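Undergrad:
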Amino acid sequence: MGEPTPPGLGRRLAVELIGTFWLVFAGCGTAVLSARFDDVGVGLLGVALAFGLAVLTGAYAFGHISGGHFNPAVTVALWLGRRTPTADVLPYIVVQLAGALAAAAVVFAVAEGRSGYSLARDGLATNGYGTHSPGGYGLGAALLIEAVLTAMFALVILGATDRRAPRGMGPLAIGLTLTVIHLISIPVTNTSVNPARSTGPALIAGGAALTQLWLFWVAPLVGAVIAGIGYRYVTGGTGTVEAAEEAQDVDDRPL
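If you want this note's numbering, it's the 1-based position in the sequence shown plus 152.
#1: What residue range does the alpha helix (DSSP H) around Trp-174 cover?
#2: May I have the straight-line CA-CA distance separating Gly-359 from Val-207, to the nearest angstrom?
#3: At 4 residues or longer, and completely inside the region 315 to 357: list those alpha helix (DSSP H) runs for me, N to C.
#4: What do you get for Ser-285, buried or exposed, if any count of 16 or more other CB atoms within 10 angstroms of its CB means buried?
#5: Answer with buried or exposed for Arg-316, where buried requires no fewer than 16 other C-beta atoms within 10 angstroms of its C-beta.
#6: Can we count Phe-214 as close to the ligand GDP, meaning its CB is less than 7 Å from some heavy atom?
#7: Out of curiosity, what's the CA-to-CA distance linking Gly-251 and Val-386?
#8: In the structure shown, what three-state DSSP assignment does Tyr-281 receive?
#9: Tell me whether Phe-222 sits in a helix, a strand or coil according to DSSP, three-state version.
#10: Take Glu-397 and list the residues in its own chain whose beta-carbon comes closer than 7 Å to its own, dropping the five residues that flank it on each side.
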């Protein structure tokens, strides 16, 4: 039997869109629909678990096809780490944004089905700082925590998907890391570490979510650059663009 045909770009983009939709729908949907539900709301821990479990299940389901990025910052980090070819970067980011926007729209449509729901009052799990931070944290704190946590998230991804890492355990490590990240930073920024996750709800909610959106692109991308370049430096480089282009060796391994 011959080698299986690597998935084409169209298939990879389709599952990136679906996976990003699932991540944003599960995480933001839990925050909007379940977190503060009277008497049985899942709270901060439930939201953190929802994001972590969503990326874990999405990575197991789709990682072998697209790499399971579901996040522009992850795509940039993997590109800088020579795991993703340059030609894939922009298309991946475009479909990630589309998936996140679609998820935010569905969450909003469901939330509006509850009598008394108000987008202005109840929100859409948007990210923010200052008066729009859940804990009242300022711009500097928000920038710092988003950059640091994105860098750590990307480093875990790069390490867990390294060829030398235990096989099949990458999604578990990544999902647990995203859960911890949310436990740390929900009070600060409502946790982004993912520009697509921030952009989808912000486009629906508008207002301060849009005016503050720049931070949730800048900080995660700074973290991605630090992680992508830093991981290559400390490991001496474990993957090449050529290898990614040849096999989409996302077995290299799926997130």
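Built from N, CA and C at the ideal position, the CB exists for glycine as well. Because the structure is a prediction, the values reported are computed rather than measured.
TA: From the atom records:
#1: Run containing Trp-174: 161 to 181, per the alpha helix (DSSP H) assignment.
#2: 28 Å
#3: 322 to 341 and 347 to 357
#4: buried
#5: exposed
#6: Looking for the ligand GDP in the displayed structure turns up nothing, as the structure carries no ligands at all.
#7: Here the alpha carbon of Gly-251 sits roughly 34 Å from the alpha carbon of Val-386.
#8: coil
#9: coil
#10: Residue placement at Glu-397 is flagged as unreliable, the pLDDT there being 44, under the threshold of 50; a coordinate-derived value is accordingly withheld.
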